[in-house]
Structures are given as C-alpha cells and as structure tokens.
Amino acid sequence: MADDIFSQLIDLFNQPGPVNWKLAREVAVQLAGDRQPVDPWLADEYVELGRLAQLQIQATTHLRSPDSLDVVPTDRHDWVTQQLQAFGYLVEPLASQYSGTGDGVDPISQLLKPLGPALLGMQMGSTVGFLAHRALGQFDIGVPTNPPGARYVIVDNVEAFIADYQLEPRQTRLWVAFRNGVHDAAFAGPWIRQHIVDLVEEHLGSVDFDTSTLMETIQNLSDPSHFQELLADGDGLTGFLSPTGKSEAQARARAAIGFVSGYGEHVLRASAAKLIPDLGAIENAHRLKQSEPGTPDQLMTRIIGLELTNELHDEGAEFCREVERRWGAEALESVWQEPAHLPRGAELADPVAWAARVLLPDF
C-alpha cells in the first residue's frame with residue numbers, strides 16, 4: 009500500500025495549484041484508515057445528546073448556532089474526506105515561500121519550485137490524517153475550520169477516550185456534545201472565525217521556517233521504505249515545515265483561541281454541572297490526554313507555532329471567571345461584540361488590563 013502511495017506521489021507532482029490537494033487526500037485517507045461505520049444506535053445517542061446540550065447552552069449564553077445543525081457522528085475516514093480542505097488556510101500562506109512563486113534565487117528556492125505544491129499537500133494530508141486519530145470533535149483541534157463544517161464527533165476517538173480513562177460513557181458523550189456545541193456557537197458569530205483565520209494567516213506570512221528538516225525529507229523521498237516509515241509513524245510528515253519565529257499576530261491569535269477555549273469550559277460548567285455529575289473526572293481525564301505526546305494541540309504548535317497548551321486553555325477559563333466575577337456577565341459577553349474587545353496577548357492573564365482598555369470609556 010505504501011509503495012502504491014509513493015507511486016501516486018510521483019505521478020501527482022504536476023497537479024495544478026499552490027497546494028496539491030489530490031495528494032493531500034491520498035495521504036490523509038491512508039493515515040485515517042478504512043471506513044468504520046458508526047453503530048446506528050450509538051449515532052442516535054450522540055445526536056440526542058447534542059440537541060440536549062444545545063438547549064442548555066442557549067439558556068446560558070447569548071451565542072447561537074443554527075438550530076438545524078445536529079451533531080454528525082462519524083468515523084476517521086469520513087471525517088478526513090469532509091474536513092481536509094477546511095484547514096487549507098494553515099498551509100496556503102506558505103505557498104509563495106515553498107512553491108517557488110516568490111523571488112528566491114537561492115538553491116533551496118529553486119529546488120522547491122517543482123516540489124512545493126506536493127510538499128504542502130503532504131503537510132496538509134498528514135496533518136488531517138494525524139488529527140483523525142486524536143481529536144474527539146471540532147472543539148478538540150484548537151483552530152477553527154474554514155469554511156465551517158458540520159458539528160462532527162469522531163466516535164471511535166471518543167469511545168477510546170472513555171475506555172482508556174474508565175469514564176462513564178453517557179456523561180462523557182454529553183460532555184463532548186457540550187464542548188462541541190459551545191465551540192460551534194462561538195464560531196457561528198459574524199466575525200470571530202474569520203478574525204482568527206486572518207491572524208493565523210498573518211502570522212504564517214511573517215515568520216521564518218527551518219528548512220533543515222524539509223531538505224532531509226526531500227532527500228529521502230526517493231526511498232519508498234523511508235516514505236513507508238513516515239506513514240507508519242503517523243505524524244512523521246507533519247513537522248517538515250515548522251515555523252521558527254514569532255510575530256505580533258501569533259500573540260493575538262493565541263489570546264483569541266485561548267479565550268474561545270476557556271469560554272467553552274466556562275459555559276459548560278455553568279450549563280452542564282447538574283447534568284454531568286462526573287464533570288470533574290472527565291475534565292481531568294481530558295487534561296491528561298492533552299498532556300500525552302502527539303496531541304492535536306502539540307501538532308498545531310509544530311505546524312503553525314501557536315503553542316496551544318493546557319496552560320493557554322486555563323488562562324482563558326480563568327479570564328472568563330474573573331471578568332464575570334469582577335464586572336458581571338454582561339462584561340464577559342461584551343467580548344463577542346467586536347474584534348477589538350478580544351483579550352490581546354498578555355491581557356488573557358491580566359483581566360484588569362483588558363477591562364482598562366475595553367470597559368472604561370476613553371481610557
């Protein structure tokens with residue numbers, strides 16, 4: 009199978025466009041594995057719990073997602089095929105740098121000219137294929153999809169999470185429904201999704217990348233056995249285009265993502281505590297899962313350099329608690345009014361500084 013993929017890799021080098029999406033799909037599907045249809049009874053339970061969570065979320069926050077948007081229980085294979093290009097903005101800003109469309113005349117730029125689209129396709133395909141084995145749902149990835157997709161839950165991963173940490177199944181499925189529901193409601197707003205996408209693109213367009221791993225990958229592509237090892241490793245293809253610098257947009261994107269993630273926990277605790285008696289145990293298990301090697305957050309750090317950590321999530325949740333405690337629920341909800349109201353950089357850990365800028369007129 010890996011030899012077949014390698015042959016297709018050679019054949020697909022001449023695909024049009026800055027990103028070789030056909031190759032990306034081949035790599036992603038290979039990593040995701042064969043279809044594993046979701047049991048219909050279990051799928052019905054996920055949909056039912058998703059509707060329950062949505063009702064509770066609407067009673068707790070002003071955020072709204074489309075009422076017709078049900079949870080979509082899916083397997084890894086179908087999730088990959090549906091979501092692959094929704095993460096395109098994570099690699100498309102690199103096209104001019106790595107597909108030879110820029111002004112570079114150095115040997116690396118010349119070498120990348122014919123290989124750039126294929127390399128970006130491999131990066132994207134391996135990223136989404138990797139996520140298919142580790143993410144529980146849309147909320148678990150860190151960055152938003154663009155354009156928005158369905159409210160997917162990757163059932164195999166949720167059920168494995170339940171088994172690995174010996175959690176109560178129905179409560180854990182409801183917890184996933186709440187986290188996914190808040191995530192969806194947050195990004196259904198008129199500006200937040202595009203604002204974060206713009207910040208990520210701005211960041212990726214302004215930082216440098218370490219080409220040493222990239223050159224090693226190029227040199228080894230002629231060896232099918234090495235390519236097979238990369239596929240078997242799962243995340244072996246995800247890190248060869250890794251940012252090495254920092255940018256102002258990076259700090260703003262991290263703060264915005266940290267706020268959305270923390271807000272999700274804040275709303276969940278307010279709306280779901282009575283429905284999920286084991287909430288603390290489930291959250292602790294998820295934290296342990298997120299601290300293991302190879303998490304979606306760690307992947308995003310490797311790919312786009314945003315350092316989406318447990319600590320960032322905790323800062324976001326604490327920011328929400330402090331703002332509501334000090335200035336009330338209306339002050340917290342005001343964050344969603346416009347991009348300027350989002351916490352910026354260090355403000356996520358300093359709600360007073362945020363309040364001085366946002367809540368005090370003409371401060």
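Quick note: this note's numbering has the sequence shown finishing at residue 371, numbered continuously throughout.
We put the CB at the ideal spot given by N, CA and C, even for glycine.
Predicted model only: the values in this text are computed from it and were never measured.
Beta strand (DSSP E) segment containing residue i, residue limits
i, result
"Thr82", "Val79 to Thr82"
"Val161", "Arg159 to Ile162"
Separation of residue j from residue i, as counted between CA atoms
i, j, result
"Gln345", "Gln38", "42 Å"
"Leu372", "Ala126", "Here the chain has residues from 9 to 371 only, and residue 372 is not among them."
"Val46", "Ala325", "33 Å"
"Ala168", "Pro304", "16 Å"
"Ala384", "Phe95", "The question about residue 384 has no answer, for the chain in this structure spans 9 to 371."
"Glu341", "Asn292", "27 Å"
"Val136", "Leu92", "6 Å"
"Glu323", "Ala361", "14 Å"
"Gly242", "Tyr271", "Residue placement at Gly242 cannot be trusted, given a pLDDT of 46 that sits under 50; what the coordinates show is reported in the next sentence. Each residue's Cα considered, the two are about 31 Å apart."
"Pro351", "Val331", "11 Å"
"Val151", "Leu368", "30 Å"
"Ala51", "Pro81", "6 Å"
"Val268", "Val343", "10 Å"
"Cys328", "Trp335", "11 Å"
"Ala240", "Gly41", "Note that Ala240 scores a pLDDT of 49, beneath 50, so its modelled location is shaky; the value from the coordinates is reported in the next line. In a straight line, the C-alpha of Ala240 is about 12 Å away from that of Gly41."
"Gln131", "Ala32", "8 Å"
"Ser134", "Leu356", "32 Å"
"Val208", "Ile312", "8 Å"
"Gly110", "Val163", "Note that Gly110 scores 48 on pLDDT, short of 50, meaning its location in the model is unreliable; the coordinates nonetheless yield the value given after this. For Gly110 and Val163, the distance between alpha carbons rounds to 42 Å."
With 16 other Cβ atoms within 10 Å as the buried cut-off, status of residue i
i, result
"Glu34", "buried"
"Ser279", "buried"
"Gln174", "exposed"
"Asp192", "buried"
"His141", "buried"
"Arg260", "buried"
"Glu300", "exposed"
"Asp83", "buried"
"Asp86", "buried"
"Trp199", "exposed"
"Asp172", "exposed"
"His294", "buried"
"Arg72", "exposed"
"Asp148", "buried"
"Pro359", "buried"
"Leu314", "buried"
For residue j and residue i, believed in contact at Cβ under 8 Å, the rounded distance
i, j, result
"Ile65", "Gln179", "No, Ile65 and Gln179 are not in contact; Cβ-Cβ is about 17 Å, not under 8 Å."
"Ala36", "Val88", "5 Å"
"Ile265", "Leu316", "6 Å"
"Gly157", "Gln62", "About 17 Å separates the two Cβ atoms, so there is no contact after all."
"Phe186", "Leu276", "5 Å"
"Ala263", "Ser214", "17 Å between Cβ atoms; not a contact."
"Gly129", "Val205", "Between Val205 and Gly129 the Cβ distance is about 20 Å, and since that is not below 8 Å, they are no contact."
"Leu102", "Leu182", "39 Å between Cβ atoms; not a contact."
"His203", "Pro48", "At roughly 39 Å, the Cβ-Cβ gap does not stay under 8 Å, so His203 and Pro48 are not in contact."
"Arg159", "Gly58", "7 Å"
First through last residue of the alpha helix (DSSP H) which encompasses residue i
i, result
"Arg277", "Glu256 to Ala280"
"Phe327", "Asn318 to Trp335"
"Tyr54", "Pro48 to Thr68"
"Pro177", "Pro177 to Phe195"
"Gln202", "Ile200 to Leu212"
"Glu34", "Trp29 to Ala40"
"Ala357", "Unbroken run through Ala357: none, as it is neither H nor E."
In chain order, what are the residue ranges of uninterrupted alpha helix (DSSP H) at least 4 long that sit wholly in the stretch 289 to 313?
304 to 312
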